[in-house]
Amino acid sequence: MAVLNEEQEMLRDMAREWVTNESAVAKFRAVRASGEPRAYDPAAYATIARMGWAGVIIPEEFGGTDFGWLSAGMILEEMGKTVTASPLLTTTLAAAAIVLGGNPEQKAKWLPQLAGGAMIGTLAIDEGAHHNPHRLETSVSDSSLTGTKAFVHEAHDATLFVVAAADGMYVVDTSTPDAAASVQVATRHLADMRSHAQVTFCGARAEKLAHGGDDLLDQVLDRARILTACEMLGMAQQVFDTTLDYLKQRVQFNQALSSFQALQHRMADLFGDLAMMRSAVEGGLQALDSGMMMPHAAAIAKAEANRVLHTISREGVQLHGGIGMTDEYDIGFYLKRARVLEASWGSTGFLKDRFATLSGY
Amino acid sequence: MASLAKAGAPASETDFRREVQQFLSESFPPELKGKGNPVTGVESDLRETEPQRRWREAMGARGWGTPTWPKEYGGGGLSRKQAAILNEELSRAGAYNPIGGMGVMMFGPTLLEYGNEQQKQEHIPPICRGEIRWCQGYSEPNAGSDLANLQTTAEDKGDHYLVNGQKTWTSGGQWADKCFCLVRTDRSDKHKGISFLLMDMRAAGVEVRPIRMISGLSPFCETFFTDVKVPKENLVGREGEGWTIGKRLLQHERTNLSGGGSMARMMGPRLSDLAKKYHEADASGVLTDKVLRDRIADFEIRWGAFLLTARRAAEESKEKGGVSEISSVLKKLGTKLSQERSELTIEIMGLQGLGWEGEGFSDAELAGVRAWLFGKAVTIYGGSTEIQNNIIAKRVLGMLDHQ
Ligand SMILES: Cc1cc2nc3c(=O)[nH]c(=O)nc-3n(C[C@H](O)[C@H](O)[C@H](O)COP(=O)(O)OP(=O)(O)OC[C@H]3O[C@@H](n4cnc5c(N)ncnc54)[C@H](O)[C@@H]3O)c2cc1C
Numbered sequence: 005m006a007v008l009n010e011e012q013e014m015l016r017d018m019a020r021e022w023v024t025n026e027s028a029v030a031k032f033r034a035v036r037a038s039g040e041p042r043a044y045d046p047a048a049y050a051t052i053a054r055m056g057w058a059g060v061i062i063p064e065e066f067g068g069t070d071f072g073w074l075s076a077g078m079i080l081e082e083m084g085k086t087v088t089a090s091p092l093l094t095t096t097l098a099a100a101a102i103v104l105g106g107n108p109e110q111k112a113k114w115l116p117q118l119a120g121g122a123m124i125g126t127l128a129i130d131e132g133a134h135h136n137p138h139r140l141e142t143s144v145s146d147s148s149l150t151g152t153k154a155f156v157h158e159a160h161d162a163t164l165f166v167v168a169a170a171d172g173m174y175v176v177d178t179s180t181p182d183a184a185a186s187v188q189v190a191t192r193h194l195a196d197m198r199s200h201a202q203v204t205f206c207g208a209r210a211e212k213l214a215h216g217g218d219d220l221l222d223q224v225l226d227r228a229r230i231l232t233a234c235e236m237l238g239m240a241q242q243v244f245d246t247t248l249d250y251l252k253q254r255v256q257f258n259q260a261l262s263s264f265q266a267l268q269h270r271m272a273d274l275f276g277d278l279a280m281m282r283s284a285v286e287g288g289l290q291a292l293d294s295g296m297m298m299p300h301a302a303a304i305a306k307a308e309a310n311r312v313l314h315t316i317s318r319e320g321v322q323l324h325g326g327i328g329m330t331d332e333y334d335i336g337f338y339l340k341r342a343r344v345l346e347a348s349w350g351s352t353g354f355l356k357d358r359f360a361t362l363s364g365y
Numbered sequence: 504m505a506s507l508a509k510a511g512a513p514a515s516e517t518d519f520r521r522e523v524q525q526f527l528s529e530s531f532p533p534e535l536k537g538k539g540n541p542v543t544g545v546e547s548d549l550r551e552t553e554p555q556r557r558w559r560e561a562m563g564a565r566g567w568g569t570p571t572w573p574k575e576y577g578g579g580g581l582s583r584k585q586a587a588i589l590n591e592e593l594s595r596a597g598a599y600n601p602i603g604g605m606g607v608m609m610f611g612p613t614l615l616e617y618g619n620e621q622q623k624q625e626h627i628p629p630i631c632r633g634e635i636r637w638c639q640g641y642s643e644p645n646a647g648s649d650l651a652n653l654q655t656t657a658e659d660k661g662d663h664y665l666v667n668g669q670k671t672w673t674s675g676g677q678w679a680d681k682c683f684c685l686v687r688t689d690r691s692d693k694h695k696g697i698s699f700l701l702m703d704m705r706a707a708g709v710e711v712r713p714i715r716m717i718s719g720l721s722p723f724c725e726t727f728f729t730d731v732k733v734p735k736e737n738l739v740g741r742e743g744e745g746w747t748i749g750k751r752l753l754q755h756e757r758t759n760l761s762g763g764g765s766m767a768r769m770m771g772p773r774l775s776d777l778a779k780k781y782h783e784a785d786a787s788g789v790l791t792d793k794v795l796r797d798r799i800a801d802f803e804i805r806w807g808a809f810l811l812t813a814r815r816a817a818e819e820s821k822e823k824g825g826v827s828e829i830s831s832v833l834k835k836l837g838t839k840l841s842q843e844r845s846e847l848t849i850e851i852m853g854l855q856g857l858g859w860e861g862e863g864f865s866d867a868e869l870a871g872v873r874a875w876l877f878g879k880a881v882t883i884y885g886g887s888t889e890i891q892n893n894i895i896a897k898r899v900l901g902m903l904d905h906q
């Protein structure tokens, strides 16, 4: 765990307490049982916003707290531990795009609403099943945006879409009925039972984020990679802890499973992997806060998150034996969510290619 | 969060930096510039050149080879910050720290903690000056991972101990002046029967036989003790305290073996540069072998995460005091990655990267092969990877043998 200042420590403790007491995995089960396509509990998100968590990276003048990326990441890590379903991650990313690329009027118009929870935001970037952000067909003419985006997370309740088009990034605000009519949301049920949809923009009114420079999209995506890795870190930590506890309790051959060396060494390996993942993810957050070596750090953070969560989610199921295969036991939620996040904003192959390119080979 | 900015360093640090720069310009022989440390990595038969000797003596006189050790025993007495500045200036000047070996890495810190005043006065200053070389007499033919099974005995003869037995894998034993040894003073208790004894490698009854390694070098020995007389004052701590002291020393060994920084320095050229040299790249410098490119990136991402882990372990230890929990994984992670790296290195060079000796190979190519082979040892010594896994599982994760 990175060394924290007092403010960060308070925030982390607060997040940990809320997640443990108010947002256990049972809450996610309830969301799933409701069958609502939005796949989160609006009351819970209202609480999240009231606690200020939607504005952690938003400047104070626009209604946020400006606590920084390490703080934002810690909250998402805690929520990952209980697979808390919420649009916090995507809203934070949409806000980041506006902070980086918006003009003063755009910031004043949207950031306070995102920070306060009145609007839910999301990124609409990829147009196919694979992350491929530099091949886009979505186009804009006369401020009207046309294109189809695949697997947009948290699309059902979002009213602010940050959309990547061939010539830059745009905001489509669908909070009025008129504007909403130009956008079609078609549900795509993925294994993680969260909100995903194909979103079609048919001449939707769009405002360009013109202040972010040519690499705005990459900058936003690097933030998406790092924050997603934070949720993944929480998930990996939880699966590891749960598995370790299980091995200590479960008795076979008259002894606790944890006393078998073959299992001890597998857990020691996972513990080492988890240490690398945490360092990589926290390194990404620190790079964001300090502005140094950011693109490299983002690639390392998400690539390590992919590698380690993938391994831990598989080993977690295996080391539980049959009970890990049951829907009644929680571990399957982590396995399914893991794969969705691994494929989002860059698979391991994509990230290695990007790392090599950034490193000049 | 640590600020990496240099601006705004306190005046005392700036002064110290100047002092180091002046010392370097006066004392570092220019002909040694950029040559690297002749004793890095492998303990070897060190025949010093004249400039190398002068440089060692200059650093030794200041105590700067052991920068944070107390001044009263010949160390530099520097703060961590000053030591870091010294390091920066050394590498900026293309210089190296000529004071090293097991005395510096493991024995010195242990003796400073457990030795009595007389022992510290006698043994620490020559280590700081790089005059005395120490070797480690721990392992025996039947005591490797199960080190406490050691059988070499030290029999109490009133004013001295009489030592009999065999040690093995004694690195640098044939060149060492002295040896810190674990010996058995009591047969009735496996752990409490062990004591920590300092031996003179020139004493009567000490015999060493070099062992040849797969790398072709013979940097370690079998060591035989036959009725060797050792003065009583060479016992460190009390009789029976050897296991505690010996384990503390191993901690220093592991810290040194897994230090990300020192490992990174040992690593040589970037893999991608090597690949560009031995394979093809397109006009924009992208490697044409996409599989190799992917594997290099795969390695470098994990190596980056390891360096961040080493940094985090250091920050956590500093913040909380004591040793961070994740320090326990550094040795196993770092040594595995360093082996992976040297496997990739020779693979990238193809058969050119497997030259053993003679014509047709550059010095770097030949050195790469020997380093690859010697590197196989790092997951074995200092507590093998499997032993590290046992320690992590039991001590850190609480997975006990029987519950
Ligand atoms: C290059 C080199 C330099 C060395 N220098 C020195 C030196 O200067 N001084 C010194 O005293 N020693 C030195 N050693 C010795 C080193 O400390 C031992 O080799 C090491 O402790 C392992 O012991 P062993 O070789 O007897 O292997 P063993 O203990 O016999 O182990 C064989 C294999 O079994 C595994 N194993 C052993 N026990 C367990 C267990 N409980 N659970 C699971 N797996 C296990 C090991 O990990 C290893 O893979 C050196 C070794 C090398 C290779």
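If you're matching them up, the sequences are chains A and B in order. Sequential numbering from 5 applies to the first sequence in the numbering used here. Sequential numbering from 504 applies to the second sequence in the numbering used here. Beta carbons are placed, not taken as given, at the ideal position from N, Cα and C, and that holds for glycine.
Would residue i pass as an interface residue toward chain B - the criterion being a Cβ-Cβ separation below 8 Å?
i, result
"A:P108", "no"
"A:L251", "yes"
"A:W349", "no"
"A:V7", "yes"
"A:Q268", "yes"
"A:F275", "yes"
"A:M262", "According to the sequence provided, residue 262 of chain A is Ser. The question's Met does not apply to it. Yes, contact with chain B."
"A:S363", "yes"
Would you mind working out which of the options sits nearest residue i, comparing C-alpha positions?
i, options, result
"B:K735", "B:R873, B:G578, B:Q622, B:G606", "B:Q622"
"B:P554", "B:L593, B:P601, B:E522", "B:P601"
"B:P628", "B:P533, B:E575, B:I714", "B:E575"
"A:D146", "A:G207, A:T163, A:L164, A:I129", "A:G207"
"A:T180", "A:D45, A:A190, A:T204, A:T163", "A:T163"
"A:G4", "A:G68, A:Y44, A:T246", "Any answer about residue 4 of chain A is impossible in this case: the structure gives chain A only from 5 up to 365."
"B:D649", "B:F728, B:A808, B:Y884", "B:Y884"
"A:L194", "A:H324, A:A119, A:A47, A:F337", "A:F337"
"A:R343", "A:T315, A:K356, A:L355", "A:T315"
"B:D730", "B:I851, B:Q669, B:M902", "B:Q669"
"A:H215", "A:M83, A:G132, A:M173, A:H138", "A:M173"
"A:S209", "A:S143, A:R229, A:A53, A:D161", "Note on identity: in this sequence residue 209 of chain A is Arg, with Ser being the wrong assignment. If we check each option's Cα against that of A:R209, A:S143 comes out closest."
Is there a Cβ from chain A that is less than 8 Å from the Cβ of residue i?
i, result
"B:G788", "yes"
"B:V881", "no"
"B:G640", "no"
"B:M902", "yes"
"B:A896", "yes"
"B:D801", "yes"
"B:I851", "no"
"B:R583", "no"
"B:D797", "yes"
"B:F610", "no"
"B:G764", "Only weak support exists for where B:G764 lies, its pLDDT of 43 falling under 50; the coordinates are left without a value."
Assuming residue i and residue j make a contact with CB atoms under 8 Å, what is their CB distance in whole Å?
i, j, result
"B:Q654", "B:N645", "7 Å"
"B:Q842", "B:G878", "5 Å"
"A:L213", "A:V175", "6 Å"
"A:P41", "A:S199", "6 Å"
"A:L313", "A:E346", "7 Å"
"A:A184", "A:T178", "4 Å"
"B:S674", "B:F723", "5 Å"
"B:S831", "B:S820", "About 12 Å separates the two Cβ atoms, so there is no contact after all."
Which residue comes first and which comes last in the alpha helix (DSSP H) that contains residue i?
i, result
"B:S841", "830 to 852"
"B:T882", "Element bounds for B:T882: n/a, residue is neither H nor E."
Just to confirm the assignment, what range does the beta strand (DSSP E) spanning residue i have?
i, result
"B:E560", "Note, B:E560: premise wrong, no beta strand (DSSP E); alpha helix (DSSP H) at 553 to 565."
"B:P713", "709 to 714"
"B:D659", "656 to 659"
"A:G151", "148 to 157"
Check: Can at least three beta-carbon pairs, one atom from the segment 886 to 895 of chain B and one from the segment 262 to 269 of chain A, be found at a separation below 8 Å?
Finding: Touching, yes.
Check: Should the segment 293 to 304 of chain A be called in touch with the segment 858 to 873 of chain B, which here means at least 3 C-beta pairs below 8 Å?
Finding: Contact annotation: the segment 293 to 304 of chain A does not touch the segment 858 to 873 of chain B, with fewer than three C-beta pairs closer than 8 Å.
Checklist line | Validate contact between the segment 12 to 30 of chain A and the segment 75 to 83 of chain A using beta carbons, cut 8 Å, 3 pairs | finding: yes
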